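As numbered in the numbering used here, residues 74 to 151 make up the sequence shown, in order.
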Amino acid sequence: MSRVCELTGKKAMVGNNVSHAMNKTKRKFHANLVKKRFYIPEEDSWITLKVSTSALKTINKIGISAAIKEAKSKGFLK
């Protein structure tokens, strides 16, 4: 599976490793993702999502239903 947050669309960024001698080699900065189960009371079901930790904070703040609704409107979730 790809390393992409299902709610926010966050994915890896590209940057450089920089040595003390200022030599630069390419590297990736991966998103901080966790696999988490959420209960949706409207549907009376559980879903498993791969979300970033910042998306978890958003879910705690606005709720899972609102977060899913927002992700669907932005096209990140089916």
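Even glycine gets a Cβ: it sits at the ideal position worked out from N, Cα and C. Given the structure is predicted, the values throughout are model-derived calculations rather than measurements.
Check, Outcome
"Decide if the stretch 121 to 136 is in contact with the stretch 103 to 112; the criterion is three or more beta carbon pairs, one per stretch, under 8 Å apart.", "yes"
"Go to Lys-97, then tell me how far its beta strand (DSSP E) extends in each direction, as first and last residue.", "97 to 102"
"I'd like the list of long-range same chain contacts for Ile-137, defined as Cβ closer than 7 Å, with 5 residues on each side in sequence excluded.", "Phe-111, Ile-113"
"Assign Ala-140 to one of two classes, buried (16 or more other C-beta atoms within 10 Å of its C-beta) or exposed (fewer than that).", "buried"
"Taking the alpha helix (DSSP H) that Leu-129 belongs to, which residues open and close that run?", "126 to 135"
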